[in-house]
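The structure appears right after this line, and notes come after that.
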Amino acid sequence: MTTLFDTTEIPAAPAAAGPRPLLIALDAATIVTGTAGVGWTDHVHAPAKNLHERFAQQLEGCATFYRHADYVVIEGAAFSKNNTGADALAAMRWMIRQDLWKRGIPYAVINPQSRNVYATGKTRPVPTTVPQKDRYKVGKGMIRDVVHERYGLLTEGKHRYDESDAYMLLALGLHSLGHVLAEVPQEWAEQALRGVEWHNLSAVTR
Numbered sequence: 001m002t003t004l005f006d007t008t009e010i011p012a013a014p015a016a017a018g019p020r021p022l023l024i025a026l027d028a029a030t031i032v033t034g035t036a037g038v039g040w041t042d043h044v045h046a047p048a049k050n051l052h053e054r055f056a057q058q059l060e061g062c063a064t065f066y067r068h069a070d071y072v073v074i075e076g077a078a079f080s081k082n083n084t085g086a087d088a089l090a091a092m093r094w095m096i097r098q099d100l101w102k103r104g105i106p107y108a109v110i111n112p113q114s115r116n117v118y119a120t121g122k123t124r125p126v127p128t129t130v131p132q133k134d135r136y137k138v139g140k141g142m143i144r145d146v147v148h149e150r151y152g153l154l155t156e157g158k159h160r161y162d163e164s165d166a167y168m169l170l171a172l173g174l175h176s177l178g179h180v181l182a183e184v185p186q187e188w189a190e191q192a193l194r195g196v197e198w199h200n201l202s203a204v205t206r
């Protein structure tokens with residue numbers, strides 16, 4: 001019997017037989033969630049002032065993207081992240097995970113460090129010379145640049161960083177299933193794949 005907490009790690013695979021599965025990536029958040037599939041990105045914006053209403057808007061909006069998915073990947077918490085709103089963000093992620101479990105859709109949780117390694121080879125790619133106040137934006141810009149250069153997809157607009165983060169999660173999730181979208185240094189891939197944790201994988205057999 002598969003439970004919500006059952007996990008299965010998928011080792012790196014050189015190639016997968018059969019067609020590429022429909023995988024949707026979510027950079028989940030309470031206000032703006034970046035979403036991605038192969039060749040596209042989008043986002044879900046929850047403008048409500050009340051947190052419960054934003055939860056509802058996010059769940060409904062995200063479900064429109066993943067309801068027919070074979071697999072879903074979600075960004076997890078950073079190893080040492082402790083900031084205001086972290087409890088609400090954790091709740092948002094768990095509500096999505098619960099909905100995926102109810103739908104029988106296998107999902108993976110990918111920590112931000114693994115996403116960074118897959119993109120740049122480093123868990124903390126921003127140079128130490130960058131001022132602290134600029135580090136967040138510079139780091140997000142680096143991921144966006146890699147998505148553009150490696151996959152030929154340029155995210156634009158106010159939520160471009162949420163969308164590019166989601167696309168990098170997508171690429172790493174597909175790689176873990178044996179479907180590589182673009183060449184990545186083997187050392188980067190092997191390190192990043194260790195941070196891909198699949199749940200409920202036996203719920204669907206294909």
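The sequence shown maps to residues 1 to 206 in full-length UniProt numbering.
Ideal placement from N, C-alpha and C gives every residue a C-beta, glycine not left out.
Reduced DSSP category for residue i - H, G, I as helix; E, B as strand; rest coil
{"i": "Asp134", "result": "helix"}
{"i": "Thr205", "result": "Summary for Thr205: the model assigns pLDDT 38, below 50, so the residue's position carries little reliability; its value from the coordinates is reported in the next sentence. Thr205 falls in the coil class under three-state DSSP."}
{"i": "His43", "result": "strand"}
{"i": "Thr64", "result": "helix"}
{"i": "Ala108", "result": "strand"}
{"i": "residue 230", "result": "Only positions 1 to 206 of the chain appear in the structure, and residue 230 is not among them; the question remains open."}
Outcome for residue i when other beta-carbon atoms lying within 10 angstroms are tallied against a minimum of 16
{"i": "Asn111", "result": "buried"}
{"i": "Ala91", "result": "exposed"}
{"i": "Asp134", "result": "exposed"}
{"i": "Asp87", "result": "exposed"}
{"i": "Thr129", "result": "exposed"}
{"i": "Thr35", "result": "buried"}
Residues bridged to residue i [DSSP beta-bridge criterion]
{"i": "Ala36", "result": "Ala25 and Thr41"}
{"i": "Ile96", "result": "According to DSSP, which records beta bridges pairwise, Ile96 is partnered with nothing at all."}
Close-in-space but distant-in-sequence residues of the same chain around residue i (CB under 7 angstroms, 5 per side omitted)
{"i": "Ile154", "result": "For the record, residue 154 in the displayed sequence is Leu; it is not Ile. Result list for Leu154: His148, in chain order."}
{"i": "Tyr161", "result": "Lys140 and Arg144"}
Interface flag, residue i vs chain C, CB-CB below 7 angstroms
{"i": "Pro47", "result": "Note that chain C does not occur in the displayed structure, where there is just one protein chain."}
Close-in-space but distant-in-sequence residues of the same chain around residue i (CB under 6 angstroms, 5 per side omitted)
{"i": "Arg124", "result": "none"}
* the segment 46–60 touching the segment 25–33, judged by at least three CB pairs closer than 8 angstroms -> yes
* Would you be able to state if there are at least three C-beta pairs under 8 angstroms between the segment 94–110 and the segment 193–203? => These segments touch.
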